[in-house]
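Novice: Numbering (the working numbering), first residue to last: 65 to 246.
Questions regarding the structure given below will be posed in turn.
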Ligand SMILES: Cc1cc2nc3c(=O)[nH]c(=O)nc-3n(C[C@H](O)[C@H](O)[C@H](O)COP(=O)(O)O)c2cc1C
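Structure follows, in structure tokens:
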């Protein structure tokens with residue numbers, strides 16, 4: 065097995081750092097998690113990114129938090145565009161998760177991202193897949209630098225259901241064999 069480049073502390077007293085690092089990752093992967101596409105836009109540039117580190121943070125105001133990799137295309141677009149759109153996916157759209165685990169290729173005339181048809185969310189203009197079950201359209205409230213990731217805090221400006229309606233079953237990370245974070 066290839067040793068991990070970096071074993072991150074702190075470690076419990078007496079613990080073997082490598083063993084502990086592995087166990088901690090497995091515990092973190094056990095956390096039940098959703099699976100979303102994060103739409104970002106700066107002018108004509110658009111991106112969709114697979115993300116699982118997303119949660120509601122406050123009810124008044126309505127705030128969402130999404131942790132985004134520090135070097136990602138998405139982070140640059142969100143900083144510039146000051147907004148993002150979080151799309152909930154249908155369980156049938158599991159394949160989209162792999163498609164958007166790398167920066168998307170935008171075809172502006174076909175209105176597709178990596179071949180997937182998108183719509184612009186009404187309040188911010190950020191992209192959402194046309195097949196999204198629901199979209200949370202957010203204005204960027206602040207960015208908190210956290211190291212590997214930056215926390216995007218967004219206020220919900222608009223929340224809509226897609227054509228499949230409210231009854232559609234939403235994709236979660238446990239519907240796939242993937243894990244992220246840890
Ligand atoms: C299951 C899964 C969950 C992911 N969750 C996140 C996430 O919450 N935040 C993140 O920044 N990247 C996440 N990623 C990685 C990004 O999708 C991938 O690195 C992304 O394409 C890079 O972003 P970019 O296209 O904006 O450069 C996840 C990938 C997978 C496969």
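Note that CB positions come from ideal geometry on N, CA and C, so glycine has one too.
Given the structure is predicted, the values throughout are model-derived calculations rather than measurements.
Applying the criterion that 16 or more other CB atoms from any shown protein chain within 10 Å of the CB defines a buried residue, is residue 67 buried or exposed?
Specialist: The predicted position of residue 67 is uncertain, since its pLDDT is 48 and thus under 50; a value taken from the coordinates is nonetheless stated next. Label assigned to residue 67: exposed.
Novice: As a quick exercise: from 123, 106, 135, pick the residue whose alpha carbon is nearest that of residue 149.
Specialist: 106
Novice: Please go through the segment 136-189 and give each complete beta strand (DSSP E) segment of 3 or more residues, from N-terminal end onward.
Specialist: 147-152, 180-184
Novice: Excluding the 5 residues flanking residue 238 on each side, which residues of the same chain have their C-beta closer than 6 Å to its C-beta?
Specialist: none
Novice: What does DSSP give as the partner residues of residue 118 in its beta bridges?
Specialist: Secondary-structure assignment with DSSP links residue 118 through a beta bridge to 130.
Novice: Going by CA-CA distance only, name the one from 217, 235, 245 that's closest to residue 129.
Specialist: Restricting attention to 217, 235, 245, the CA atom closest to the CA of residue 129 is found in 217.
Novice: May I have a chain-ordered list of the beta strand (DSSP E) segments no shorter than 3 residues that lie completely inside the segment 194-236?
Specialist: 198-209, 213-225
Novice: Residues around ligand 1, please: the condition is that the C-beta lies closer than 5 Å to some non-hydrogen atom of it.
Specialist: Ordered along the chain, the selected set is 113, 114, 115, 116, 117, 132, 133, 136, 137, 138, 165, 166, 167, 242, 244.
Novice: So if DSSP puts residue 243 in a beta bridge, which residue, or which two residues, is it bridged to?
Specialist: Residue 243 is not bridged to any residue.
Novice: Quick check: the Cα distance between residue 110 and residue 173, rounded to an integer number of angstroms?
Specialist: 13 Å
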